[in-house]
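Those protein sequences? They're chains L, S and Y, same order as listed. Residues 76 to 307 (my numbering) are what the first sequence spells out, left to right. Residues 93 to 315 (my numbering) are what the second sequence spells out, left to right. Residues 404 to 638 (my numbering) are what the third sequence spells out, left to right.
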Amino acid sequence: MNRSFRPGDLLNWLSGLTMIAALYMVFLYAPTEATMGHLQRIFYFHVSSAWVGFFAFFVTLVASIAYLASRKRHWDIVSFSSAEIGITFTAMSVITGSIWAKSTWNAWWPWQQEPRLILVTILLLIYFSYLMLRAFLEDEEQRARFAAVYGIVAFASVPLTFWSVRWWQRLHPVIFERRGAHLSRAMLVTFLFCLFTFTILYFTLLLHRSRLAKLADEVEGLKRRLHSGGGS
Amino acid sequence: MSFWRKVLTIIWKDVVAELRTKEIFSSMFVFALLLIVIFNFSFDLRVEKVAEVVPGVLWVTFVFAGTLGLNRSLALEMEDACLDGLLLAPMERGTIYFGKMLGNLIFISITEALMLPIFSAVFDLNLIRPALLLTIFLGTSGFAAVGTLLSTMAVNTRAREVMLPVLLFPIILPVVISAVKLTTGILDGLPWDSLAPWLRFLVGFDIIFLVISYLTFDYVVQG
Amino acid sequence: MIQIQGLVKSFGHTYALQGVDLEVAEGEFLTIVGPNGAGKTTLLRILATLLKPTSGLVRIAGLDMASGGTEIRRRIGFVSHRPLVYSNLTVEENLYFYGRIYDVHPLGERVDMLLNLVGLEGRRHSPARTLSRGMQQRLSLARAVIHEPSLMLLDEPYTGLDQQATKMLRRLLQTINPESRTVVMTTHNLERGLELCDRLAILSRGRIVHQSEKAPLTLTELQEIYWQCVEEKTD
């Protein structure tokens, strides 16, 4: 079958290959950390997921602004596709963080020691609200418009929450040493490669999710035309 | 000058209507009273020193009661499509935003002012202090700034009353965190130096939220 | 007064207007008739600057929709089947409120004059929610003309009115329509639509499917044209 090359193909292959390489690096190439042992290896995927979460929500912000400026539907599609991916990755980072916390501090939810946990959870809540707002609006145009406004306000709130949580932490003594400060060279390389891999994975998912949403959108459009008796 | 005159006209309209019905105000006030009673019972049995939970109770009450007021204020605007009437007038959409926002701020502030003596009596703690009043005013301003924008969206959704807290609470968190911190600090008698950063935060958050809400309001009201 | 070219408005996948071309001259009374869901309300709401067009050109009094919003709104009086008055304010307060946001001077005299015109001076101090539907609609009319707009937009103004109120509204529409005032009215009632207009347009499925001068038309002729226009589309 003679199929023309699509940019998606490149991304599919690239994310598959880099993911295999990343797994190799995390489990075999990177040295075992002295104090925490193998457990520390969760760090690579944990931080990478958190990064993709933030980045995805940033893309939602940019797409929201672009939607309000242009009123083009595809920006709305990018906006909520990115928010969905962001939620998935943020949830992943909460879960991996929680596993880590259980093993090091013997608590699933040590938010007194690690206020960033609260921050990430709030992020999740904000974008759940974003999806809920969309679910409760019928009119597609209004849904896109309101969601875009919420996408902007939501993202503005994130750094503010970050600052206030950080300052909160200053008043509480930090009991546990924050880790990550002393990475060996091999660890750093592994970490950076994981960041790269996850970013590629993000773009691959975004492409597929937006394409799916676009197709669903077209189907919806065809249905409408069918219902309205084929009017134009 | 015409801008502020029209803002005042919108506030005047809300105040006159409210003085006649006392709808928004009474619902907020009664709700806040109920919250105090519930909090009082739930803490009375276990908490050793009531003063420690006061900042939290105070702000939870204000935020919950304020949400009720915001919902009602915008629902009234939707009732006979009155918002359309405002949108038809020859003024920038920002005028409507400021009018509604300041009106909401006034209503919520009055409720809070009436609640404070009751709080003071129930928790046996003097809450009427200038620094605390300033904190409450700043916290409420930030709340009203985002709240007015988001309640305009919420009243257009299917879920209406349910939607506003879902949208508003996670967004407003930085304001609530700083306000609670400041309140705790003031009640603990902390020196001004350690409170100043929180006060700066609160003012900064208010300004940021106000500007963003003002800029995006247009997109919420016009299809 | 109004120039519309290729006006399209979509709500997601639903196209409310699919390319409307229309001109209304100054001082003209245009009635737009059409079945429910034809896009009448959408068209009027776009003219009233309550909705933004998806594409196409709309100019009112030579002003472009996109840039001249505030100036256009100053010239428009809008009456819909919803009264747009605050039910908790009195009749007088409602008019004072709208007068102020429209910068009307001197407001007191204007309010007195309008209350007299719509026959509500006796109910001056009653809250709007205590008025009957017909009275509310009269108040709504007074509200819409308080700033002496040069363009009146009437969206199904007769909906929910009884016979007497309808008669009163019709008389008011005649009195508030001196030579200089342009009126665009939508209705699904052909008889009412034909009464006052100079020109008549039929809107169906988001398009103007027929336009004609009123003069040679009788109601039966109009009905015939209307059913032809509307039905051939539904087949």
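All C-beta atoms, glycine included, are put in the ideal place defined by N, C-alpha and C. Source: prediction; values computed, not measured.
When the cut-off is 7 Å and only beta carbons count, does residue i lie next to chain Y?
i	result
THR240/S	no
ARG220/L	no
LEU166/S	no
GLY345/S	Beyond the ends of chain S as shown, which are 93 and 315, falls residue 345/S; an answer cannot be given.
ASP151/L	no
ARG112/S	yes
LYS192/S	no
THR227/S	no
GLY296/L	yes
ARG299/L	yes
LYS98/S	yes
GLU213/L	no
Relative to the C-alpha of residue i, which candidate in the options has its C-alpha closest?
i	options	result
VAL134/L	ILE227/L, SER145/L, TYR99/L	ILE227/L
SER615/Y	PRO552/Y, VAL436/Y, HIS508/Y	VAL436/Y
TYR348/Y	ALA545/Y, ARG610/Y, ALA604/Y, ALA464/Y	The first residue shown for chain Y is 404 and the last is 638, placing residue 348/Y beyond what the model contains.
PRO82/L	GLY128/L, THR279/L, THR110/L, PHE129/L	THR279/L
GLN421/Y	ARG608/Y, LEU599/Y, ALA428/Y, LEU625/Y	ARG608/Y
THR590/Y	VAL482/Y, SER470/Y, LEU466/Y, LEU454/Y	VAL482/Y
LEU263/L	ILE95/L, GLU108/L, GLY91/L	GLU108/L
LEU130/S	ILE116/S, LEU175/S, VAL214/S, GLN314/S	It should be noted that the sequence gives Ile, not Leu, for residue 130/S. Among ILE116/S, LEU175/S, VAL214/S, GLN314/S, the Cα nearest to that of ILE130/S is on VAL214/S.
LEU425/Y	LEU625/Y, GLU627/Y, ILE605/Y	ILE605/Y
LEU260/S	ARG241/L, THR272/L, TRP184/L, SER232/L	SER232/L
ALA288/L	GLY91/L, SER156/L, TYR119/L	SER156/L
VAL268/S	THR236/L, TYR119/L, PRO106/L, ARG260/L	THR236/L
ILE304/S	ALA173/S, LEU242/S, VAL254/S	LEU242/S
ILE201/L	VAL153/L, LEU136/L, GLU293/L, SER178/L	LEU136/L
TYR99/L	ILE160/L, TYR119/L, GLU295/L, SER178/L	TYR119/L
GLU144/S	ILE128/S, GLU204/S, LEU217/S	LEU217/S
LEU575/Y	HIS416/Y, MET555/Y, GLY472/Y, ASN592/Y	MET555/Y
ASP467/Y	PHE414/Y, ARG541/Y, ILE407/Y, ARG584/Y	ILE407/Y
LEU86/L	ALA229/L, GLU216/L, THR272/L, ARG260/L	THR272/L
Got a sec? Which residues, its chain only, sit under 6 Å from residue i by beta carbon, not counting five neighbours each side?
i	result
LEU198/L	THR165
THR444/Y	ASP558
PHE203/L	none
ILE102/S	GLY191
LEU276/L	SER90
PHE123/S	ALA157, LEU160
TYR225/L	TYR205, LEU208
Let me check one thing: in DSSP terms, what residues is residue i bridge-paired to?
i	result
TYR418/Y	SER413/Y
VAL587/Y	LEU433/Y, LEU556/Y
THR493/Y	PRO530/Y
SER607/Y	ARG610/Y
ARG602/Y	LEU433/Y, GLU616/Y
Closer than 7 Å, CB to CB, is residue i near chain L or not?
i	result
HIS416/Y	yes
VAL313/S	no
MET207/S	no
ARG185/S	no
GLN408/Y	no
PRO262/S	yes
Excluding the five sequence neighbours on either side, which residues of its own chain have a C-beta within less than 7 Å of the C-beta of residue i, listed in chain order?
i	result
VAL507/Y	ARG513, ILE549, HIS550
TRP238/L	none
LYS177/L	TRP183
Please return the same chain residues whose Cβ sits closer than 8 Å to the Cβ of residue i, not counting the five positions on each side in sequence.
i	result
VAL316/S	Since the first residue shown for chain S is 93 and the last is 315, residue 316/S is missing from the structure and cannot be characterised.
LEU206/S	PHE121
VAL195/L	ALA125, GLY128, THR165, SER168, VAL169, GLY172
HIS149/L	SER285, LYS289
Between residue i and chain S, is there a C-beta pair that is closer than 7 Å?
i	result
PHE155/L	no
SER204/L	yes
VAL224/L	yes
VAL233/L	no
GLY255/L	Any reading at GLY255/L must be qualified, since the residue scores a pLDDT of 47, below 50, and its modelled position is unreliable; the value itself is stated next. False, the Cβ-Cβ gap to chain S never drops below 7 Å.
PHE251/L	Bear in mind that a pLDDT of 41 at PHE251/L, under 50, signals an unreliable position, so the number given afterwards is only what the model happens to contain. It does not; no Cβ of chain S falls within 7 Å.
TYR561/Y	no
LEU199/L	no
SER143/L	Reading off the sequence shown, one finds Leu at residue 143/L, where the question assumed Ser. Interface residue, yes.
ILE227/L	yes
ILE504/Y	yes
Tell me, please, whether the CB atom of residue i is closer than 7 Å to any CB atom in chain A?
i	result
ASP172/S	Among the protein chains of the structure shown, namely L, S and Y, there is no chain A.
Inset, instruction - Decide if the region 214-230 of chain L is in contact with the region 170-183 of chain L; the criterion is three or more beta carbon pairs, one per stretch, under 8 Å apart. - result: no
Inset, instruction - Determine contact between the region 448-462 of chain Y and the region 491-507 of chain Y, defined as no fewer than three beta-carbon pairs at a distance below 8 Å. - result: no
Inset, instruction - Check whether the region 149-157 of chain S touches the region 283-293 of chain S, taking contact to mean three or more Cβ pairs, one atom from each stretch, closer than 8 Å. - result: no
Inset, instruction - Indicate whether the contact test is met: 3 or more Cβ pairs, each with one atom in the region 468-483 of chain Y and one in the region 157-167 of chain S, closer than 8 Å. - result: no
Legend entry - Inter-stretch contact (C-beta, 8 Å, three-pair minimum) for the region 94-101 of chain S and the region 484-494 of chain Y: no
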